[in-house]
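Line by line, the protein sequences give chains A, B, C, D and E.
Using our numbering, the first residue of the first sequence is number 1310, and each one after it goes up by one.
Using our numbering, the first residue of the second sequence is number 1310, and each one after it goes up by one.
Using our numbering, the first residue of the third sequence is number -14, and each one after it goes up by one.
Using our numbering, the first residue of the fourth sequence is number -14, and each one after it goes up by one.
Using our numbering, the first residue of the fifth sequence is number 16, and each one after it goes up by one.
Here a beta-carbon is modelled for each residue, glycine too, at the ideal position from N, C-alpha and C.
Quick caveat: nothing in here was measured; it's all calculated off a predicted structure.
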Amino acid sequence: MTQELASSRSVSIAVAGSGGAGAMTTGNLLFDVAAKQGWFGTLTRTLGPQIRGGEAAAMVRLTTAPTSSPDDFFHVLLAIDWKNVERFAAEIPLTSDSIIISDVDGGDVPEVISRSGAKIVQLPIAKTAKQIKQGRPNMIALGILAEMVSLPERTLSDMLEKKLGRKGQEAVQSSLDTIKLGRELAADLPVVAKADFEQPAPGERMVISGNEAAGWGAIKGGIRFVAAYPITPATEVLEWMSSALPKLGGSLVQAEDELSSINMAIGGSYGGIPSLTATSGPGLALMTESIGLAVASEVPVVIVNVMRGGPSTGLPTKSEQSDLNIAIYGLHGDAPHIVTAPMAVEDCLFTAQWSVHLAESLQAPAIMLSDQFMGQARAAVEKPEEIDFGTKREVLTEGVEGYERYAVTDSGVSPMAIPGLPGGQYTADGLEHSPTGTPSTQDAHHAEQMDKRLRKLTEFDYADHWAAIEGDGDIAIVTWGSTTGAAREAAERLREFGINAKLIAIRLLSPVQPEKMAAALAGVEKMLVVEQTHSAQFFRYVRAQYDLPCQAKAFNRAGPIIIRPGEIVNEIKNWS
Amino acid sequence: MTQELASSRSVSIAVAGSGGAGAMTTGNLLFDVAAKQGWFGTLTRTLGPQIRGGEAAAMVRLTTAPTSSPDDFFHVLLAIDWKNVERFAAEIPLTSDSIIISDVDGGDVPEVISRSGAKIVQLPIAKTAKQIKQGRPNMIALGILAEMVSLPERTLSDMLEKKLGRKGQEAVQSSLDTIKLGRELAADLPVVAKADFEQPAPGERMVISGNEAAGWGAIKGGIRFVAAYPITPATEVLEWMSSALPKLGGSLVQAEDELSSINMAIGGSYGGIPSLTATSGPGLALMTESIGLAVASEVPVVIVNVMRGGPSTGLPTKSEQSDLNIAIYGLHGDAPHIVTAPMAVEDCLFTAQWSVHLAESLQAPAIMLSDQFMGQARAAVEKPEEIDFGTKREVLTEGVEGYERYAVTDSGVSPMAIPGLPGGQYTADGLEHSPTGTPSTQDAHHAEQMDKRLRKLTEFDYADHWAAIEGDGDIAIVTWGSTTGAAREAAERLREFGINAKLIAIRLLSPVQPEKMAAALAGVEKMLVVEQTHSAQFFRYVRAQYDLPCQAKAFNRAGPIIIRPGEIVNEIKNWS
Amino acid sequence: MNQAASDIALVASDYKSGLKPVWCPGCGDYSVLQALTKAMASLALKPEDVAVISGIGCSSRIPAYTSTYGFHGVHGRSLALSTGLKVARPELTVICTGGDGDGFSIGGNHFMHACRRNVDITYIVMDNQVYGMTKGQASPTTDPFWDSALTPGGTGVSPFHPLVIALASGANFLGRAFSGDPKGTAAMIEEAIQHPGFSFVQILSPCVTYRPDQKDWRNKVRPAPVEATSDPARAARRLMTDDGFNIGPLYRGEREPFKLNQNNSSTETYDFTGQFEV
Amino acid sequence: MNQAASDIALVASDYKSGLKPVWCPGCGDYSVLQALTKAMASLALKPEDVAVISGIGCSSRIPAYTSTYGFHGVHGRSLALSTGLKVARPELTVICTGGDGDGFSIGGNHFMHACRRNVDITYIVMDNQVYGMTKGQASPTTDPFWDSALTPGGTGVSPFHPLVIALASGANFLGRAFSGDPKGTAAMIEEAIQHPGFSFVQILSPCVTYRPDQKDWRNKVRPAPVEATSDPARAARRLMTDDGFNIGPLYRGEREPFKLNQNNSSTETYDFTGQFEV
Amino acid sequence: MTTNEHLKLESVSEMLAFVLAVETEASERYAEMAESMDAHNNTKVAEIFREMADIEELHAEGVQRQVTELNLEYLPKADYKWSAPEGPETGDFSDLHYLMTPREALLLALHNEKRAAVYFADIAEKVTNDDVKKMAQEMAEEEREHVQWVEKWLLDYPEDENEWVEDVDPPVEQG
Ligand SMILES: Cc1ncc(C[n+]2csc(CCOP(=O)(O)OP(=O)(O)O)c2C)c(N)n1
Ligand SMILES: Cc1ncc(C[n+]2csc(CCOP(=O)(O)OP(=O)(O)O)c2C)c(N)n1
Ligand code: SF4
Ligand code: SF4
Ligand SMILES: [Mg+2]
Ligand SMILES: [Mg+2]
C-alpha cells in the first residue's frame, strides 16, 4: 500500500524506546541514510533522567528543502517499547492523521499517546527480530521506517557498512537481514515520504550538530586556545575542539571550574591568542564577574553558552532561551559587551566565526547564545560557504614611548600590545583607569573610558549580519535563536495563506541596532515576539531597547516543549 | 562680621586635606556637634587611592529639616592642604558665592578649584596650630568652621570630651585650645549658618550610617545567621552585624569566598534560621548561580548589595547604581526573585527589615540594593519608629504523609518543613521537580513550578511600601535608591517654582507593580527617569516592564559625580 | 518491613525514600546508599534530625534516595551549604555527600576550608575518578594518562590526593572505604559521623559506565596495614606513600571542633538605639 | 647609573614603571617589589618577555609598578589568568603575584590546582596574614585568636599552611622569604623563576597598618637549618613541624612541567569538512 | 649590623665596585622612600629622603669618577657581597610610617650613616691590600662626615613631635 506524502515537503518521525532498545541508533541511521539520499532535515532527541538505559526518543524531520523548523506534529511514532513514555509524551505531538507503530507484545499504547486519536498499528517487532541471530528490534524498526520513507536498500546497506563495519561483517549482515524483515513488516503500511530527487554529489551535503558547528566556526574565526569545564549541553563544543585544535597548533586545557576556565581564556587572549570557553547557564553565572574583567581590561574572549532549562540546575537536557537576560544584563556595573545568537544548527558555524571576529575586532567579550535544541540536534544541510570577515584584532606593531593601551580613539578601539613586543609593556586592569592603564577614580577618566567602551561597540559596522529579515508585510514575527526555524516556517505558511508576514530574526542581540531595526520595522503595524522563555525576556528586551512604532505582543513559553510553526500561525491569525 | 544664612535651610561644607591631616576627623566632629545641636544632614567622604595618608575630603550638609539630598554646590571649602585635590575636585562643586579657606603657607589655590570664582580667604592655619603644644591644623579648621556655623562652645567641648576623652585630659584641652584659636581666626568670616532651634531632647535624634542601618534593619527583620566575605563598600554591614548578632543568640561566620558565603546563608536558612549575606558588585556576580538555587529550591535568603562603580573591580570607593541590571536580570534561566532598594541612609533600616520580611514570607531570595553613597554616609536623622511586619515564613507545623514541599498552592507559597520536624523530610532541589521535590523534566511540572514561583511574588500584597509617591502634577520624576534625595529636593524646588512635579521613588524594584504604577502615573504627561548609571539601566527597565502612558526620558550619569537637585530642576525646566 | 522485634528501632531500609535511583545498574553508588542508610540505622539517628546535602553529579543524587532531610544544591557548593546549616542548627547531624568532580575540582576550595574550619560535619565522597554525569571526563583523581574525549591522551596532570590534602588542611577524621564492601563502608561512615569535627571519608565507588576498568578495584583494595593514628605527622608520612587502596580509618584527630564565638543569648530583642544616639 | 661598563645590562630600577605605589610607607610590599625587580635584572629577562599577573589586594597592585607586561585581574583568579597565558604563550616568563587572602581564601582552589597542574609559572604570595586592602580582616593564614571587627575574638580556625598544601598538591619548587631581607628575597625569586614547573614562594611581608605586631617578624625569621630537599616525603616531614619562620628554599622538585598534548602544528588552515560529509 | 666575614676585597677595582654598589643602592632606596612619602602626602619627610638620595648619589658619582680616572675597563660584579639583609647604608622600608616626622626621618638616616661608617672601618681593619685599606679608611671618614652632617641637620628638629601613635585619619578600605 502506498499513500501520498505526509506533507508535500516534509515528514516527521519519532522512534521511542528504553533501556538500550536502540531508539537513538535507529533514529540516527534513518536520518543519515535519508541525508545521503538527499533529504534535508533535523534529528533531535529527548531523554529520561538515567545515564544509560533511560527512555529516549529520536525525532526526525525530513524535508525536501532546507529548514530548521520542527513540524507541528509527527506523522509516525514508532515505539520499540512504551516504558516511561509519559516523561516526554508532550514533546511528541500526534494528530488523528498520525500513525503509531508499536510492538504487539509491548502492551497497550499508553493513554497519553493514544488519546491523540492516531491510527495504531501493532506489529510483531521483537518477535520478528528473534528470527535473526543477534537480530535486534531496533533494526526491525529501522526497516519499517526505511520502507515508509522509501529509502533505497543500497544507500542503507552502504551506511550500515560504514557505521557498523568495525564490528565485523557478521554484525553488518545480521543487521541487514533484520532490517529486511522490518521492511517486509511494513508492506502494508503507507509510504509517508518518497524522494523524487537525485542523490546529491559527494561533498555537497553534510550532517553536523550545532555544537560541532559552533566549534568549527570558532576555529575558522581564529580561536586557538580553549579552556574547558564540562557541562551539559555544551560539552560537545569543547570535546570537538579538543581534537580539532591541535591540527592547527592550538590547544585546549581542562580547568578546575568555570571561574578558572573563563580566566584562563582571558589570560590566553591577553597573550594574543584568540581564546574561547563554552558552558551553559550555571557555568555562565559563575563567569560573569570575569567577563566583566574582559570588558574593563578590553580583552577579547568568546563564551559559547549552550542554553538549557532554568533556573538553577533546572533541566540540563532540555532546551530553553532563558539565559538571554543573564547574557545581556548579567554583568555587574555598566559593562557593554557582545551577545550573538545563531538561528539554526548550521548557523552555529557562521555565528561562531562571526562572534570571534567581533570579539577580536572590538577587544570585548562576546557571548554566543546557542541552545540545547540546536546544539545537540544533527542537521542535514548544504555544505557551508567559506567566509572571511577580514581584519582582526588591532595590535600595536611597534613599541612607542608613553604607550596608551586605553587611548581614547574615535572608533573606541585602541591598539593592543601583545606581550613579547618591546616598548608595548602596560598593565591591563579591571580597575577604572586612565588611558595608560593607571588606576584612577577620577570622573573624567571613568566617563571617557565608559564612553569609549560603549562607542566601540555601537559604532561598529555589523553589516547585514545583525539579523535575518525576510519577506514584507504589516505583521512581523520577531524572534531569535532556535525559534527562528518555526518563525520562518510560520511566515511562509502565513504567506501561502495570504497574510504577509515579515520575519525579523536577530543574530546580534547586543549591542542593539536602533536604526537598522527602525528600517526593518518600517510599515509594520503589529509585531509578535516569539521566544522560549517563561517571562518573555526577549519581548521585554526589545521593548526596553528599541522604540517600537507598532503594537507588540509576546508569544512565549518556557521549555521543554518547543514552539511549533502552527502555533505561531494561529497566534497571528487570532490576533485581531 | 556676620551674614545671612547661605540658604534659608541648608549649608554645605567640605573639608579637604591629605596625609593624615585629619580632614575626616574634622568633618566628623563638625557633623556630630551640629547633629547634637539639632541639625539634620549628611556626611559623606571622598578618598584617594591610598590606604592611609591619602587625600580626602569630608563633605557635610547641614539642614534644618530632614533631607537626604546633596546641595548643588558647597558654600565653604576649607583645605588643610591642597595635595592631589584634583583627584576629586569635581566632586566638590563651588560657585562664585562660595568661600574657599586655605592655609597662607599652603601654596596657591589650585586652578581646578579657583576657577569657580569663589572668594578665597587665606588664613595662617598651620602656623596658628603651632602656638599650642600638640596643636593640630585640623583643630584650627574645626574652630573656623564651628564659628562659621555658630556651633556653641559647650556642645563642642562636650563632644570632644566624649570622643577624645580616652586620650586623656591633656589631649582634650590641647584640642579645645586649638579650636579656640581657630574660632578667633574666623572672626572676620561670615557666619553661614545659625541654629535658631532648640537642641533636641536626648534620644530623639541619631547619627547612623546606611551600612549600620542596613545591619540593624536586617536584625530587626529577624536575621540570625550571617555568612560574610569582606568587600568595599559592604564590609561595615557585616562588621556591625558580627558584634550585634551574638546579643540575640545569632552568629556570623567568615567564609572563604562569596560562593561559600551565599551557600552558607542558604544552608542556614534551609535550617530555618533567617540568613543574610552582604556584598558588592564583584561578589554579587559570584553569587548569582546560587541565588538561582535559592529561587528554585525556594529558600529565603537576603543579599545586601552595596553598589560601587563598575564594571569589574571598577571604582570600589565610589558610588553608582549600575548593579541594577545584574540584581534583576543576572540569574540564569527564568528566576523570579525580590529586588528592593532603600532611598536614603535611614531608609536602609526600614528597607532591610522589609526585605527580610519579604524573603521569609515569599520563600525567595531578596537582593537589597544599597550603594556606597548611602552605605558609607553618616546621617543625622530622627529616631526611627518601631515597625512590625507581622507573620513570617510559612512552615509546616506537623509532619504529614506524602508531604509536598513544593505543593502548587493558590498563593504560590508552600509550607516549608524545617529540619528537625518529624514527618517533614524532603529534599530541596535546584533541579526542576514535581511538587514533592522529585527531579522531573516534564513540561507539566516545569510549567506549574515556574508559574508558582512567579505567582507567589506577583500576588503578594506589598502595601504602600513598594514606592514613595509624593506630590502631584503632570510631570513625574521617577527614581530609586540614593538619587531619591536629589529627586525629592528637585521636586520641592520645582513646586516652589510653580511647576507641579510628582516624585515616584521605587523601593520594590522587582517584582514590578503594574497596577500601582499605572495609578501613580495617572495624569502624568512626562516622566523623567533619574539614575546614576551610564546606560540608563533603570529607564530601560521601567520601559521594559511598565506600560508607560506618557513621554519618558532618562537623566542618567555614571558615577562618581552624584546627581544634584539643581541638575534635575534644569533638566525639567528645559524639557519643553 | 522491620526485621527487629522492637518496632521502634529503624532499620537501614527505613532510611531509604523509595525513590528509584537513576544510577546505572552496577554503579558503586548503590552500595554507598546502602552503607549510609545502614550507618544511620546503626546509630539510631532520627531521620528528621539528619540532613544529607550534596552538589551535582551522579553521586550527588543520593539525598533524595534517603528518608532524611536533604538538599541537592549546585555543583561544588555542598560543603558551604552544610557549613551554614550546621553552624545555624548545631543540633542536627549534617552529612555532606558527592563526587570527586564536585568535591575536588569545582568544590576544592570549600573542601580545603571546610577541613580547616573543622565544623562537625561528615563528608562522604564517592570517588570514581571520573565525571560520570557529564559523560566521562577526567576528574582531579583521574590517572594522568586516562584518555577522554575532552583530553585525548590524558590530562597529563598528576592526580590529587584527597586524604593528603584533607589532612594538611586540618580535617579531624580520615578514612577510605570501598563500595564493594558495603558493611565496611557502613562502619566507616558510622565512625565518621560519631567523630567530632570535620570527618572525611573517601569511598572508592566504581563507575561501570565510563570506567569499566575499575572492576579491577575489587582485587586491589586491602585493609590498611596499621591502626589509624591521631598524630598528623605520622598520618602524613603514611599517606604520602599510600597507593590509594588502603581501606579503613586512617586518621583520628583530636582537634577541637569549630565553635562560634557566640554568646548563646536567647533574648528575642535587644535595643541598639543607644549606639547611634548623638 | 649602571655600575658595569656595559650599558646594555638592565638594573633593578629599569624594571620599575615609575608609578608611585599606593602602599602604606613601611609596608613589606615595597621590598618585595625591590626584590622582584632585582631578580629580573639578575636574570637579564627582557621586560617585554615577562608578564606579572595578580588579583586584588594591596599586594596585588604590584604589576603596575613593574615595567614588564602586567595584568591586574579580579580577586582570586590570578593563577587562572597566568595558566591561560603561559599555556597559550609558553615562551613568556609568567610571574603570578598577590596576597594571602587573594591566593589562599578566594583563590584557594586555583592554588591547589595550579600546583597540581605544574605549569611553569612562578607564584609569589606576599603573606601578611591579613586582608590589608579591605581594612583588616582575618585571612586563612591568620592566627585563630587575632581579633578583628569582622570576627571579634578571632576566627577560632587554625591557620592554613600554604607550603604544606602546595607540596601536597604537587608544586615543584617551594621557598619562603622575608621582605625585610630584600636580597634574600630576590635570590629566592630568581631561583623560583629558573626552576621548571610551578614554583611557589611565600614571602612574609608585614602589614604595618593592620598588623603592627608583625614588626616582630624581623626577630623571628631565621635561615632554614637544612638544605632544600627534592624528596616530597622528606619535605613534608619538615614542613609539618615548621613554625613559619624558616627562610630559604624548602623543596626543589623534579616533576616534569605541564606539557600540552599538542601536536605543534603550524598549519594555518585545516579542512574539517570531511568529518561531516554524509 | 654584621660585616661579612667572607668579604674579600683584594683589589681596588673590587673595592670600587663594592662601594659603588653600596652607594647606589642607598641612593636608590632613599629615592624610593621619598616617593612613597610623596604618595602619602608627607612632603617634609619626602624632601629629607630626596636630599639623602642626592647625597648618596653624589657619593656614587665620585666613585664613578675614580673608576674613569683609573681607566678601569669594567668592574667585577659586586652585588650580594654582604650578608646583612640590606646594604650597609640602605634604609629599611619597614622603618617608615606615613606620619613619620622629619626628626624621625633624620634619625633613620643617621642610623644608616653610622652603620656605613662602622662598616667601612671594619673593612679597613680586615683587608690586606693597602690600597684597598686606604680607600676603605677614606670611605669610613666620609661616612663619619655624613654622620656629623645629619647630626647638624637634626638640630633643626629638636623636639620629637611624633604623632603617629594617634592617627587622626584612620586607614580606609579600597578593594
Ligand atoms: C556550575 C556547573 N558546572 C558544570 C556542571 C556540569 N556537571 C554536572 S555533574 C559534573 C561532574 C560530576 O562529577 P562527580 O562529582 O565526580 O560526580 P559523578 O557523576 O562522577 O558521581 C559536572 C561537571 C554543572 N552542573 N554546574
Ligand atoms: C570578588 C571579590 N570579593 C571581595 C573583594 C574585596 N577584596 C579586595 S582585596 C581583598 C583581600 C585582600 O587580601 P590579600 O589578598 O591578603 O591582600 P593584601 O591587601 O593583604 O595585600 C578583598 C576581600 C573583591 N575585590 N572582589
Ligand atoms: S555514569 Fe558512572 S557514576 Fe554515573 S550512575 Fe552510571 S556508573 Fe554510576
Ligand atoms: S594596608 Fe597593610 S598591606 Fe596594605 S599597603 Fe598598608 S601596610 Fe601594606
Ligand atoms: Mg565522579
Ligand atoms: Mg594579605
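Contact check, residue i vs residue j, beta carbons under 9 Å
i: P1625 of chain A; j: H1646 of chain A; result: no
i: G1326 of chain A; j: I1422 of chain A; result: no
i: E1655 of chain B; j: Q1841 of chain B; result: no
i: N1809 of chain A; j: D1781 of chain A; result: yes
i: S90 of chain D; j: D1566 of chain B; result: yes
i: T126 of chain C; j: F145 of chain C; result: yes
i: Q1563 of chain B; j: K1627 of chain B; result: no
i: L114 of chain E; j: D182 of chain E; result: yes
i: G1623 of chain B; j: G1592 of chain B; result: no
i: T78 of chain C; j: V104 of chain C; result: no
Those residues which DSSP pairs with residue i across a bridge
i: V1413 of chain B; result: Paired residues: none, contrary to the question.
i: P234 of chain D; result: D:G160
i: Q1563 of chain B; result: B:A1537
i: G1623 of chain B; result: A:L1740
i: F1349 of chain B; result: B:T1372
i: N1614 of chain A; result: A:T1588 and A:L1678
i: W1789 of chain A; result: A:I1815
Interface residues of chain A facing residue i [CB-CB closer than 7 Å]
i: L1251 of chain B; result: No answer is possible for residue 1251 of chain B: the residues shown for chain B start at 1310 and end at 1885.
i: V1546 of chain B; result: Those within 7 Å of V1546 of chain B in chain A number zero; the least Cβ separation is about 17 Å.
i: P1869 of chain B; result: T1750, D1752 and H1755
i: R62 of chain D; result: L1568, N1572 and S1599
Residue i: contacting residues in chain D (beta-carbon distance under 8 Å)
i: M225 of chain C; result: P217, A218 and A221
9 Å Cβ cut-off: residues of chain B touching residue i
i: P129 of chain D; result: Those do not exist, as P129 of chain D stays about 12 Å from chain B at its closest Cβ, beyond 9 Å.
Chain B contact residues for residue i, given Cβ-Cβ distances below 8 Å
i: C100 of chain D; result: Simply none; closest approach about 17 Å.
Touching by the beta-carbon criterion (3+ pairs, under 8 Å), the segment 1340 to 1348 of chain A and the segment 1474 to 1488 of chain A: no
Quiz: which residues have CB nearer than 5 Å to ligand 4 non-hydrogen atoms: A residue is listed when its beta-carbon falls short of 5 Å from at least one non-hydrogen atom of ligand 4; in chain order these are B:I1360, D:W8, D:C9, D:C12, D:C43, D:G117, D:C192, D:V193 and D:T194.
Three-pair Cβ contact test at 8 Å for the segment 1425 to 1438 of chain B versus the segment 1397 to 1414 of chain B: yes
Meets three-Cβ-pair contact criterion under 8 Å: the segment 1439 to 1449 of chain A and the segment 1488 to 1505 of chain A: Taking a cut-off of 8 Å on C-beta distances, the segment 1439 to 1449 of chain A touches the segment 1488 to 1505 of chain A, as three or more cross pairs fall below it.
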